[in-house]
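Colleague: First to last, the sequence lines map onto chains A and B. Counting in numbering that gives the first Met the number 0, the first sequence runs from 0 upward without gaps. Counting in numbering that gives the first Met the number 0, the second sequence runs from 0 upward without gaps. All residues carry an ideal CB built from backbone N, CA and C; glycine is no exception. Since the model is a prediction, treat every value here as computed from it, not as a measurement.
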Amino acid sequence: MLPLERSSYAASFASALIDPEREAPAIVKGPAGKGVARRYNVYRNNVTVSLIDALAAIYPAVQRITGVDFFRAMARFHVRATPPASPLLFDYGRDFPAFIARYEHARAMPWLADVARVERAWLDAYHAEDTMPLSAEALSAVPPERLADVVFIAHPATRIVSSPFSVVTIFAANRGEAAQTRIDASAPEDALITRPDLDVAVRRLPPGGAVFLSGLIAGQSLGDAAAAAFLAAPSFDISLGIAGMIEAGAFSGIHFGEA
Amino acid sequence: MNAMTTTTVAAATSLRFPARPIEGLAGTSFKHEHLPAIVAAGPQRGFFEVHAENYMGAGGPPHQALEAIRRDHPISLHGVCMSIGGDGPLDKAHLDRFRKLVARYEPALVSEHLAWSTHETSYFNDLLPLPYNAATLGRVCDHIYEVQQVIGRPLLLENPSTYLAFRESTMSETDFIRAIAGRTGCSLLLDINNVFVSATNQGFSARDYLADFPLAQVGEIHLAGHAEQADDEGALLLIDSHDGPVADAVWKLFAIVIAECGPIPTLIEWDSRIPDWPILSSEAAAAQAILDRASVVLREGRDAAA
């Protein structure tokens, strides 16, 4: 195949779009000899502002915590460093939590990146494939002697975010209209994010719960995942763990590992 | 070829929604915050337009809302990031997502923009402009062919709002668009606010543009609000902001086009600073009144001829 002759207008036009220091590209002009700087800035402004808006829509609790001006300044840095690689904006911002963790001005809020991770997981759950969650009946039909061998199929919406901070409490306090109260941020919390039907739910897992569910999601048998959870947290209650994950709709099916 | 046949058969046997004709109707952008008010009002006369990309997730509330709307109303599927005006190849994965949406929701209209938004690996989330010349014409036509081949139906192509010009342009926008429609058989989405915005920004007459536009190919009209800024010389620069009511001057141009062409499905676009449903709905009712007057004139003309 012959190489296609490519016009370079897109490369030239794009070169200064997210770099405010650069002048408008030489390939564009204003009408009738008019200047082009403010005209090109319309596009530059649309790109940056709309992508900051996209991050604000994905991370509303982070914005509520930091305030709008702080958030937009932080988001502007991220947009310019990491523009989207996909036209699906609900997929944008996966690197934003890591960016927040490195962001110098956010150092006083070490839990902020984990709140962002919960929000990112929330949106993934929102857009995940619709599937019926596993019912309690399906599990209770398993003969007791085979229970330890059961392997669970994760529901497409299910996500876990573990944090050394009170991430579920902080998230919950900043996603609603409720007035802000003082929160002790230093208690470690693990979040379980599910969407068995239309509403995304974010729960705080008991000690050992994240190890237990992460093991099951990774394909460990119920027996192995429970053993790992006891090891991580001797207080882990397996019957509460199973009841909780069924109620949350975290899984969609079971098999016995022979698949 | 085989794949094409299979797709057609599958679409015919999996028809999930009733056919809802869109002829002569006014419509509005569909916003999720309006869903409760729309559902409470029950089926109404009019159509809803959705941005395709918002429904490219696997599942969840967006699809549930769109299914609810589609059951009772015609919908128009409006793509905003196919990058038809880009200088690289189309994104095949994106095109396939677009095809699946068309097959799933059976929209009455399917449209995209004469613009680009992706270059190499970066997506800029704006409708960026392109020069109009023989090379870009050929590539835009190839892209439209490809889209139409994949979705199995004609596309409506929307004229852009522009703020600047390219040194390497050799054709007028209307000549460029007429050539595209002639070569690809695509229909046109005439955005009258874009015409007004571009005319103000580029210093041409909107009436002349419309007189030169291939109106016979227009299958949908967009109306929207715009904002005012200033250019480098301090003169008026209009921004296609979709954040307010349609301007009086745009309503006048709309009435002229409809008087000439008869009723064409017309959308009120309102994407930012979104008002309560009754305000958006009444803006659509104003467009519907103009379309209905043209329908009456058309009927009387036919009766007189018969």
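(1) Let me check one thing: in DSSP terms, what residues is B/Y122 bridge-paired to?
(2) Apart from the five residues on each side of it in sequence, which residues of its chain come closer than 6 angstroms, Cβ to Cβ, to B/I257?
(3) Does any CB atom of chain A fall closer than 8 angstroms to the CB of B/T120?
(4) Indicate the three-state DSSP secondary structure (helix, strand or coil) for A/V141 in the structure shown.
(5) Here's the rule I'm using: 16 or more other beta-carbon atoms within 10 Å means buried, otherwise exposed. How should B/I278 be labelled?
(6) Taking the beta carbon of A/M131 as the centre, do at least 16 other beta carbons fall within 10 Å, making it buried, or is it exposed?
(7) Note down the Cα distance separating A/Q62 from B/A210, rounded to an integer number of angstroms.
(8) Please list, in chain order, the chain A residues whose beta carbon lies closer than 7 angstroms to that of B/I238.
(9) Can you list the residues of chain B that A/E128 reaches, using a CB-CB cut of under 8 angstroms?
(10) Hey, A/V110 and A/S162: beta-carbon distance below 8 angstroms or not?
(11) State the DSSP-derived secondary structure class of B/L187, mapped to helix, strand or coil.
(12) Quick one: is B/E299 buried, meaning 16 or more other Cβ sit within 10 Å of its Cβ, or exposed?
(13) By the 8 angstroms beta-carbon criterion, what residues does the stretch 63 to 74 of chain B contribute toward chain A?
(14) Could you check where the alpha helix (DSSP H) with A/D68 kicks off and where it finishes?
(15) Could you run through the stretch 157 to 173 of chain B and flag, in chain order, every residue whose CB is less than 8 angstroms away from some CB of chain A?
(16) Any Cβ of chain A within less than 8 angstroms of the Cβ of B/S130?
(17) Please identify, using Cβ separations under 8 angstroms, the residues of the stretch 79 to 95 of chain A that lie next to chain B, in order along the chain.
(18) How many Å lie between A/M73 and A/Y102 at the Cα?
(19) Is there at least one Cβ from chain A nearer than 8 angstroms to B/C185's Cβ?
(20) Give the interface partners of B/S116 over in chain A, defined as CB-CB distance under 8 angstroms, in chain order.
(21) By the criterion of Cβ-Cβ separation under 8 angstroms, what are the contact partners of B/E52 in chain A?
(22) By a C-beta neighbour count over all protein chains shown, 10 Å radius and 16 as the cutoff for buried, is A/M0 buried or exposed?
(23) Taking 8 angstroms as the threshold, find out whether the stretch 154 to 163 of chain B comes into contact with the stretch 35 to 45 of chain A through three or more Cβ pairs.
(24) Is B/P262 buried or exposed, if buried means 16 or more other CB atoms sit within 10 Å of its CB?
(25) Leaving aside the five residues before and after B/D125 along the sequence, list all residues of the same chain whose C-beta is less than 7 angstroms from its C-beta, in chain order.
(26) Tell me whether A/A115 sits in a helix, a strand or coil according to DSSP, three-state version.
(27) When Cβ atoms are compared, which residues of the stretch 112 to 127 of chain A fall closer than 7 angstroms to chain B?
(28) Under 8 angstroms, Cβ to Cβ, is there at least one residue of chain A near B/Q201?
(29) If you reduce the DSSP assignment to three classes, tell me which class B/Q228 lands in.
(30) Measuring alpha carbon to alpha carbon, tell me which of B/A198, B/E268, B/H77, B/A39 ends up nearest B/L108.
(31) Cβ atoms of A/A190 and A/I182: under 8 angstroms apart, would you say?
(32) Look at the alpha carbon of A/A60 and the alpha carbon of B/R177, and state the distance between them as a whole number of angstroms.
(33) Does A/G29 get closer than 8 angstroms to chain B when you measure Cβ to Cβ?
(34) Here's the rule: buried if 16 or more other CB atoms are within 10 angstroms of the residue's CB, otherwise exposed. What is B/R206?
(35) Grab the span of the alpha helix (DSSP H) containing B/I257 for me, first residue to last.
(36) Of all the residues that make up the stretch 5 to 21 of chain A, which are near chain B by a beta-carbon distance shorter than 7 angstroms?
Modeller: Result, derived from the coordinates:
(1) B/T117
(2) I289, A293
(3) yes
(4) coil
(5) exposed
(6) exposed
(7) 49 angstroms
(8) V41
(9) A57, G58
(10) Rather than Val, the amino acid found at residue 110 of chain A in this sequence is Trp. Yes, the Cβ-Cβ distance between A/W110 and A/S162 is below 8 angstroms.
(11) strand
(12) exposed
(13) Q63
(14) 67 to 80
(15) Y162, L163, A164, F165, R166, E167
(16) The displayed chain sequence assigns Pro, not Ser, to residue 130 of chain B. It does: the Cβ of B/P130 has a partner Cβ on chain A nearer than 8 angstroms.
(17) P82, P83, A84, S85, P86, L87, L88, F89
(18) 8 angstroms
(19) no
(20) P86
(21) P86, L87, L88
(22) Note that A/M0 scores 39 on pLDDT, short of 50, meaning its location in the model is unreliable and no value can be drawn from it.
(23) yes
(24) buried
(25) S116
(26) helix
(27) Y125, H126, A127
(28) yes
(29) strand
(30) B/H77
(31) no
(32) 48 angstroms
(33) yes
(34) exposed
(35) 247 to 260
(36) R5, S6, Y8, A9, A10, F12, A13, L16
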